[in-house]
Amino acid sequence: MARVKAPVEEAEQVVGKAAPRLDAEAKVRGQARYADDLSFPGMLYGKAIRSDRPHARILRLDLSQVAAHPKVACVVTPKDIPGENVVPIIYRDMPLLANGVVRYVGEPIALLAAETREAAVEAAALAQVAYEDLPAVFDPLEATRPGAPQVAVPAAAEGGNVFNHMVIRKGDVERGFAEADVVVAGEYRVGYQEHAYLEPQGVIAVPEDSGITVYGTLQCPFYVQNAVAAVMGFPLAKVRIVQTATGGGFGGKEDVPSHLAAMAAVLAWKAGRPVKLVLPRDEDIATTSKRHPGLVRYRTGAKRDGTLTAVEVEFYYNAGAYQTLSSAVLWRGLIHAAGPYRIPHVKVDGYSVATNTVPCGAFRGFGSPQVIFAHESQMDELARELGMDPLVLRHKNALRVGDETATGQRLTESVGLPEAIGRARELSHWDELQDEVAAFNAQERFRRRGLGASTVMYGVGMGAKAPLLDKAGAYLKLEADGSVTLAVGTTEMGQGAQTVLAQIAAEGLGVPLASVQVAPVDTSRVPDSGPTVASRTTTVQGMAVLDAAEKLRARIVGAAMEMLGCPKVVPGDGRFHDARDPTRSVSLAEIARWMWAHNWDMAASGWAEARPVDWDAKTGLGNAYFVYAYACHIAEVEVDLLTGETRVTRFWAVHDSGKIVNPETARGQVIGGIAQGIGYALMEELPAEGGRILYPTFTAYHIPTAMDMPDEFVVEFVEASYSGGPFGAKGLGEVPLMASHAAVANAISAATGTRLRAYPATPERVLDLIGRGA
Amino acid sequence: MRIQFRLNGRPVAVDVPPGRRLLDLLREDLGLIGTKEGCGEGECGACTVVVDGKPRLACLTAAVQVEGKDVLTIEGLSEAGQLDPLQEAFIETAGVQCGFCTPGLVMAAYALLRENPRPTRDEVRAYLSGNLCRCTGYAQVVEAVLRAAEKACPR
């Protein structure tokens, strides 16, 4: 059972304050060390030799010229792998190096390590591979047809190429549609989205202490530890993973670093030297995970007054050649398919399908943005059919405390959605805004403005699909001078976790934030804390930090009472005061020295696990997540009718993520998520042909620049406190992306008068909408 | 070949092969790892340094091209230990998240403020549009630049 902790009694001092980020100074000085910034004596440069076929048998692999290159130190083929040839993620279908058959362009076949980066590239080109091409399939629907080439490793699939088929069956959807006065239906398509973290993937494996240490840019050190141990045949205790500064993740560094680290480890072990493996940008885009392309079909019914009666959903995600995280991504899509609404009759069928393409994986939102595009489009289509204001329709159906979600989960607390919709309406002056936009459109010949809204819910944490991973450990040490070292098992990748966790520690200890230092994440410091994903860090890791802080604080307070000879002390100004006579006090440094001199235990470990969840795979019903976060976004866009170019001009975002620990970093998360959503909706497109990513570069794949952002942002938080989170906090990280793109899509549809049904809304696609609307 | 130039205010003389990128000279030969490689093709701006007062992409600049010039990297901006007002402003506005694009953004902003000490919001956005950031959505970055400009020359 998860333990529930009450927030500390004293007034909050650090939590809720816009404290500057702990890592900001090193970063602005250029002193933060990212993966490629580290070097070790004798270090080699690793490189993967990759398949250039989407599906083929390897007839012959000749690496003699590679090995003969004067600067090549070693080559590795599957027979050199000391342990198992597998990258264990959820399933065990993906080999470290292709085992006789390649299933996607870019799949690693062999490895080499060379004295220089340039030599590694040169040598990789000398590999001779003879293939026998096999029939390949790239489209998920085609892959499900009888007679389609078999891509999925059968043990990892439910049948044929269907990795997973998941359902929700709530109520009787036909009855729900029979009760409806209005039914809308639509099909929506989305392509890849590339993470485009600015720091490419990179790891360095160092053989040492009879084991392996891997340094790298990564989100999930314990995943990496597990993969390296499997591939090396080592006990976990001989594998240590240390996170370097990490230049963005967004899910892209969830599972991929396991593969890279395992490759580097095998090379380093064979060479007996450190091996650095950093991907050039084109290799990174072409061969690592992305957001799943999807085909999504919806039917939604409502009564004349707007009350939703039924929703029916069928969606297909193109998983790529191996399972990696697809079953979890599909599950989140499934649970989120009905949106943040009260709907009595729900039927959802989700499929993840294997094709001969690069495996897709985690990306902020994790399978939900694809269905959110659809459900939020459906809400606007319904509003139009009903002649209702889209915000009124959303507010009317929004989940409230006491309601049941689509999986039949009764919401007992912390549902800030109706309030968020109300605040977004007020902040944007929604009614006046409509008039303003109408006046603009009446006046302009070649420009049209449009407004769009979206509302979303987000299940915080791993949920009932992976409850075993929803835990975290923490270690807090009071140093002899009164400074505090905090070690945690979840990572800072830019989102601000380090600062927020330090704030929670400081608040829990009753000490100033400045005294807390967060140690680099290292698997040898704390127990397996699960992955840094699912917007769970503040909530779950935060509770572990608070647990450690409460234990250590009891000792600090005990020491202070002995030192002052009083029965009660209170913290303030970095000191602990005699409660009866506040003029008598001791500083934290004095307490620490006293504890040290009296041989007291000056460290405490903390532990947290998420509250229990449950789910029945047959019906899709259950308590899917321990709590949900919510948001309402409003976007204003301006479309150039002549060029089809779209700009987002103004944006309003209201979030309920419970207590906000740091308003300034939270604001940064929201605006950054909006930027990624704007990119998803408007410009991010990664065409592929025959399983090959055609243009894996930033020249061709455009992410938003400062010029593409709205001229005006309003961000606000409504804080519906969650009793299971530290000081009432829930998760935030993924939610802004999830909400933003759909608001932009609805705004474009409003501006053009035609429903946008595919991302991205490039100028060509928008001109097509305008043409059809005319 | 041997080249001489000024790096962060100090004279430097180094031997470089003709094709070596300024980025590799800085990072690998001289150990200045604050300048980052994000794409290697001049699209992301993470490797922006200031050469004779102008922003330059170190991944597209041959090392030999800086012969006789004045090169400023992120390390040179706070060399005496004192943060530049721009660096302070990035900290204050939370214009830093993952931080990988930050050195490039700060150097581009530094060049902007030399050219145009009191830019408008739109001028900042336009000038920084060659520097990609995937985390922040730029709002707090732009605020940082405007704040530093305001501090350096108040109206």
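These protein sequences, in sequence, are chains D and H. For what it's worth, our numbering labels the leading residue of the first sequence as 12, then goes sequentially. For what it's worth, our numbering labels the leading residue of the second sequence as 987, then goes sequentially. Glycine included, every Cβ here is placed at the ideal spot set by N, Cα and C.
Looking at the structure shown, is residue i part of a helix, part of a strand, or coil, going by DSSP?
i: Gln-1068 of chain H; result: coil
i: Glu-727 of chain D; result: strand
i: His-644 of chain D; result: strand
i: Lys-281 of chain D; result: helix
i: Asn-452 of chain D; result: helix
i: Pro-218 of chain D; result: strand
i: Phe-188 of chain D; result: helix
i: Met-720 of chain D; result: coil
i: Ala-999 of chain H; result: strand
i: Thr-1047 of chain H; result: coil
i: Leu-404 of chain D; result: helix
i: Gly-738 of chain D; result: First, the amino acid is wrong: residue 738 of chain D is Phe here, not Gly. In this structure, Phe-738 of chain D counts as helix in the three-state DSSP scheme.
i: His-588 of chain D; result: strand
i: Glu-198 of chain D; result: strand
i: Lys-1040 of chain H; result: strand
i: Glu-795 of chain D; result: Residue 795 of chain D lies beyond the residue range present for chain D, which begins at 12 and ends at 785; the question has no answer from this structure.
i: Pro-1004 of chain H; result: coil
i: Trp-618 of chain D; result: strand
i: Trp-607 of chain D; result: helix
i: Arg-783 of chain D; result: helix
i: Arg-988 of chain H; result: strand
i: Ala-136 of chain D; result: coil
Whose Cβ in chain D lies nearer than 7 angstroms to the Cβ of residue i?
i: Leu-1114 of chain H; result: Ala-717
i: Gly-1026 of chain H; result: Pro-291 and Arg-292
i: Pro-1089 of chain H; result: Gly-41
Buried or exposed: residue i, going by 16 or more other Cβ atoms within 10 Å of its Cβ?
i: Cys-944 of chain H; result: Nothing in the structure corresponds to residue 944 of chain H, since chain H is present only between 987 and 1141.
i: Ser-50 of chain D; result: exposed
i: Ile-989 of chain H; result: buried
i: Asn-110 of chain D; result: exposed
i: Met-274 of chain D; result: buried
i: Phe-793 of chain D; result: Because residue 793 of chain D is not part of the residues shown, which for chain D are 12 to 785, the question remains open.
i: Ser-62 of chain D; result: buried
i: Glu-20 of chain D; result: Model confidence at Glu-20 of chain D stands at a pLDDT of 39, short of 50, so the residue's coordinates are unreliable and nothing is read from them.
i: Pro-106 of chain D; result: buried
i: Arg-14 of chain D; result: Here Arg-14 of chain D scores only 37 on pLDDT, less than 50, and its place in the model is too uncertain to base an answer on.
i: Leu-705 of chain D; result: exposed
i: Ala-17 of chain D; result: In this prediction, Ala-17 of chain D has a pLDDT of 35, which is less than 50 and means its spatial position is unreliable; what the coordinates show is noted afterwards. Ala-17 of chain D is exposed by the Cβ-count criterion.
i: Gln-506 of chain D; result: buried
i: Asp-295 of chain D; result: buried
i: Ala-22 of chain D; result: Note that Ala-22 of chain D scores a pLDDT of 43, beneath 50, so its modelled location is shaky; the value from the coordinates is reported in the next line. When all chains shown are included, Ala-22 of chain D counts as exposed.
Taking C-beta pairs closer than 9 angstroms, name the residues in chain D that residue i reaches, listed in chain order.
i: Leu-1118 of chain H; result: Ala-207, Leu-209, Phe-709, Ile-714, Pro-715 and Thr-716
i: Arg-996 of chain H; result: Those do not exist, as Arg-996 of chain H stays about 17 angstroms from chain D at its closest Cβ, beyond 9 angstroms.
i: Gly-1020 of chain H; result: Arg-40, Gly-41, Gln-42, Ala-43 and Asp-48
i: Ala-1032 of chain H; result: Leu-209, Glu-210 and Gly-258
Which chain D residues are close to residue i, counting only those with a beta carbon under 8 angstroms from its beta carbon?
i: Glu-1029 of chain H; result: Thr-708, Phe-709 and Thr-710
Contact defined as beta carbons within less than 8 angstroms: I believe residue i pairs with residue j. What is the distance between those atoms, to the nearest angstrom?
i: Thr-299 of chain D; j: Glu-1027 of chain H; result: Going by Cβ atoms, the distance from Thr-299 of chain D to Glu-1027 of chain H rounds to 18 angstroms, so no, they are not a contact pair.
i: Ile-120 of chain D; j: Leu-108 of chain D; result: 6 angstroms
i: Ala-513 of chain D; j: Asp-558 of chain D; result: Their Cβ separation, rounded to whole angstroms, is 15 angstroms, which puts Ala-513 of chain D and Asp-558 of chain D out of contact at 8 angstroms.
i: Leu-1072 of chain H; j: Ala-1095 of chain H; result: 6 angstroms
i: Leu-743 of chain D; j: Ala-677 of chain D; result: 6 angstroms
i: Leu-632 of chain D; j: Lys-181 of chain D; result: 6 angstroms
i: Tyr-203 of chain D; j: Gly-260 of chain D; result: That pair is no contact at about 17 angstroms.
i: Asn-994 of chain H; j: Thr-1059 of chain H; result: 6 angstroms
Which residues in chain H sit within 8 angstroms of residue i, going by Cβ to Cβ distance?
i: Asp-34 of chain D; result: Val-1082 and Gly-1085
i: Pro-52 of chain D; result: In chain order: nothing, as chain H lies at least about 14 angstroms away.
i: Pro-401 of chain D; result: The contacting residues do not exist; Pro-401 of chain D stays about 24 angstroms from chain H at best.
i: Pro-31 of chain D; result: Ile-1077, Glu-1078 and Ala-1080
i: Thr-257 of chain D; result: Cys-1084
In chain H, what lies closer than 7 angstroms to residue i by C-beta?
i: Glu-675 of chain D; result: Ala-1080
In chain H, what lies closer than 9 angstroms to residue i by C-beta?
i: Gln-506 of chain D; result: Gln-1083, Cys-1084 and Cys-1121
i: Asp-385 of chain D; result: The sequence given here places Ala at residue 385 of chain D; Asp does not occur at that position. Result: empty, since nearest Cβ-Cβ is about 25 angstroms, beyond 9 angstroms.
Near-chain D residues of the stretch 1124-1139 of chain H - C-beta to any C-beta below 9 angstroms: Those residues of the stretch 1124-1139 of chain H placed with their C-beta closer than 9 angstroms to a C-beta in chain D are Tyr-1124, Ala-1125, Gln-1126, Val-1127 and Val-1128, ordered along the chain.
Scan the stretch 37-48 of chain D for residues whose Cβ lies nearer than 9 angstroms to a Cβ of chain H and list them as they occur along the chain. Within the stretch 37-48 of chain D, Ala-37, Lys-38, Val-39, Arg-40, Gly-41, Gln-42, Ala-43, Arg-44, Tyr-45, Asp-47 and Asp-48 place their CB atoms closer than 9 angstroms to a CB of chain H, listed in sequence order.
Members of the stretch 490-504 of chain D that neighbour chain H once the beta carbon cut-off is set at 8 angstroms: Cβ contacts with chain H come from Met-504.
For the stretch 719-730 of chain D, enumerate the residues whose C-beta is nearer than 7 angstroms to any C-beta of chain H, in chain order. Within the stretch 719-730 of chain D, the residues whose Cβ lies closer than 7 angstroms to some Cβ of chain H are Met-720 and Phe-724, listed in chain order.
Taking a Cβ distance cut-off of 9 angstroms, strictly less, list which residues of the stretch 1038-1059 of chain H are near chain D, in chain order. Within the stretch 1038-1059 of chain H, the residues whose Cβ lies closer than 9 angstroms to some Cβ of chain D are Thr-1059, listed in chain order.
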